[in-house]
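Residue numbers (the numbering used here): 4 to 635. What follows is a short report on a single structure.
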């Protein structure tokens with residue numbers, strides 16, 4: 004390929020960070036020109052809606068998949084722990100036993116046949132659709148091209164040139180190339196979403212997807228998890244570590260005591276937090292993986308963040324505050340998290356150091372969305388909520404707003420990370436709430452020599468008293484903040500893909516939280532009785548597994564790789580054959596009837612134990628009976 008088109012060598016991977024750059028202006032012009040010609044011919048009127056269009060797409064894909072295949076960028080970082088077999092139950096394969104596909108008929112009928120949802124947004128669906136595409140050469144090229152484009156777009160670009168004019172022309176050509184890439188990506192997805200998608204729905208790969216969805220939708224109970232030490236306390240109960248028995252994945256379980264919720268009339272607040280967590284799928288916001296109930300509590304199973312919160316790191320890890328590089332990195336990730344929330348029209352309203360948590364790798368996530376609220380399109384909201392010292396002037400004045408309070412709070416947090424204290428109140432110094440609110444409304448914050456000019460500029464723009472003058476509120480939202488000169492060293496594409504190395508990595512042997520004995524215990528709630536009418540509220544919260552986090556868990560813990568096995572000769576496995584029927588459950592003997600309940604407690608769901616566990620235990624009991632007869 005390189006001999007036919009030598010200018011394809013313009014992309015060159017160099018160094019550990021896989022930087023790519025253009026060797027000279029002529030090369031990039033040739034590249035842009037050829038790409039544009041190929042793309043234009045693909046969209047030509049003659050071949051649109053015809054068989055020629057398919058050949059043109061394959062031609063473009065073949066050429067550029069060969070181009071991108073020359074490079075091997077670093078893979079995306081893992082987003083969770085608990086991989087391999089660590090922590091898995093000995094019976095984990097029985098817990099995740101696939102049902103016969105005939106049991107998924109109702110699921111098949113009720114699942115919306117949407118390409119974007121089934122083949123792109125859902126992680127297991129995406130992998131199975133790609134496995135299906137691997138069986139056809141023309142589809143395999145499409146998928147490899149799409150994956151290669153994503154990897155290349157995440158690589159930093161260094162533009163070389165001797166003059167400003169040359170650099171500008173290079174940047175212009177880069178823009179043309181990226182634009183064409185995005186347009187071709189859209190074109191390929193349009194192609195895949197028609198005939199190939201229809202064929203996929205009739206394949207054994209989609210049937211396997213239905214089996215995974217069947218497992219995903221099974222009931223979740225306290226027996227799904229192992230419970231560990233208390234990590235802290237929330238507004239309605241304790242937060243403890245827990246582990247999924249089937250996969251070994253660790254989580255944080257936030258318990259909302261039913262009586263405490265009822266006493267404080269916090270039903271709407273608890274349900275609001277659960278629904279927002281379920282809706283947001285962001286690398287920079289804690290994810291809700293499961294929601295279930297026990298006799299006394301509603302339980303939200305969330306991303307486990309072992310690295311502690313920013314408040315602990317700012318004030319309890321040596322001299323107060325961070326160096327500017329570390330503060331800027333965290334600010335960039337928080338900005339991405341706010342962008343993801345605002346994209347869903349959710350204003351956070353409680354951004355402060357205690358609510359920003361670090362994971363094992365040093366990346367942050369926004370937590371505790373109890374005060375977050377949905378902002379309807381074209382409307383404003385009103386509410387004097389938040390934490391004193393971090394509430395924006397418009398919140399303190401009880402004025403209407405949309406997303407402006409979050410950008411104010413980001414300015415407060417950036418200031419605190421650099422200075423080592425809040426801009427409007429000093430640590431461990433008691434100041435009346437009214438005085439703090441007066442400072443927020445009227446007084447300009449002061450800056451020490453710890454701030455560079457860029458850091459001071461960003462803080463001042465975020466801490467503008469008038470939301471109409473505040474950075475992030477001028478029409479461009481998060482893109483305005485990202486464009487500030489202080490973030491010039493941050494490649495946000497790589498940051499959003501988890502490919503940038505954090506400036507601080509927590510020590511896996513250290514504990515970045517209070518000792519268990521230092522965590523205050525909740526008092527017993529008295530004078531509150533639970534009633535049958537409360538069940539409707541509990542059922543809205545305890546909805547079981549959340550699809551995307553659950554599927555990611557199966558992939559990260561390698562359960563997907565071990566269970567998602569097909570015959571090498573391409574034949575349909577018996578459990579995926581619609582013509583077959585599941586084996587009837589064996590007759591239960593006396594021992595099975597006596598001890599069946601105890602055995603089934605190891606399983607996650609009633610359906611799984613019905614078709615999987617009893618077969619094994621029945622054999623075991625038969626052997627026990629034979630041994631007893633021999634002894635007699």
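Glycine residues also receive a C-beta, built at the ideal position from the N, C-alpha and C atoms.
query	result
Selection from 345, 299, 290 and 470 that minimises the alpha carbon distance to residue 554	290
Sheet register partners of residue 256 (DSSP bridge)	243 and 304
For residue 128, three-class secondary structure by DSSP	helix
Every unbroken alpha helix (DSSP H) inside the stretch 478–507 [4 residues or more]	481–485 and 495–499
Proximity to residue 416 [Cα-Cα], best of 445, 465, 431 and 452	465
Under 7 Å between C-beta atoms of residue 436 and residue 391	yes
Exposed unless 16 or more other CB atoms sit within 10 angstroms - verdict on residue 326	exposed
Residue 563, enclosing alpha helix (DSSP H) - first and last residue	562–566
Beta-carbon contacts of residue 90 that lie in its chain and below 6 Å, excluding the five residues immediately before and after	246 and 251
Residue 481 beta carbon less than 7 Å from that of residue 338	yes
As assigned by DSSP and simplified to three states, the class of residue 651	The chain is shown from 4 up to 635; residue 651 falls before or after that span and cannot be answered.
Burial state of residue 227, where buried means 16 or more other Cβ atoms lie within 10 Å	buried
C-beta atoms of residue 332 and residue 506 nearer than 7 Å	yes
Touching by the beta-carbon criterion (3+ pairs, under 8 Å), the stretch 231–239 and the stretch 92–101	no
Cβ neighbours of residue 328 in the same chain (closer than 6 Å, five flanking residues each side left out)	506
Classification of residue 116 by the beta-carbon crowding that lies within 10 angstroms, buried from 16 upward	exposed
Residue span of the beta strand (DSSP E) that contains residue 368, given as start and end	367–369
For residue 234, the residue or residues it bridges with in DSSP	DSSP, once it has assigned bridges, lists no residue as partnering residue 234.
Member of 98, 139, 104 and 100 whose CA lies at the smallest distance from the CA of residue 581	104
6 Å Cβ shell around residue 106 - same chain, five flanking residues per side excluded	none
Touch test, the stretch 308–326 against the stretch 534–554, Cβ-Cβ under 8 Å, three pairs minimum	no
Residue 48 burial status per 10 Å Cβ neighbour count (16 or more: buried)	Note that residue 48 scores 44 on pLDDT, short of 50, meaning its location in the model is unreliable; the coordinates nonetheless yield the value given after this. So residue 48 ends up on the exposed side.
Cβ-based burial, residue 358 [other Cβ within 10 Å; buried from 16]	buried
Per DSSP, cross-strand counterpart(s) of residue 312	360
Residues near residue 414 by beta carbon distance below 6 Å, same chain, minus five either side	462, 465 and 466
Beta-carbon proximity check, residue 207 vs residue 568, cutoff 7 Å	no
Three-way DSSP call (helix, strand, coil) for residue 377 in this model	strand
Secondary structure of residue 441, DSSP reduced to three states	helix
Residue from 202, 440 and 303 with nearest C-alpha to residue 468	440
Nearest residue (CA-CA) to residue 533, options 345, 448, 263 and 336	263
Selection from 405, 147, 237 and 425 that minimises the alpha carbon distance to residue 370	237
Close-in-space but distant-in-sequence residues of the same chain around residue 1 (CB under 8 Å, 5 per side omitted)	Residue 1 lies beyond the range of the chain shown here (4 to 635); nothing can be said about it.
Among 373, 111 and 419, nearest to residue 205 - alpha-carbon criterion	111
Run of the alpha helix (DSSP H) containing residue 467, from where it starts to where it stops	No alpha helix (DSSP H) contains residue 467, which DSSP labels as neither H nor E.
Distance between residue 571 and residue 381 (C-alpha atoms, nearest Å)	55 Å
Test item: CB-CB of residue 223 and residue 295 under 7 Å	yes
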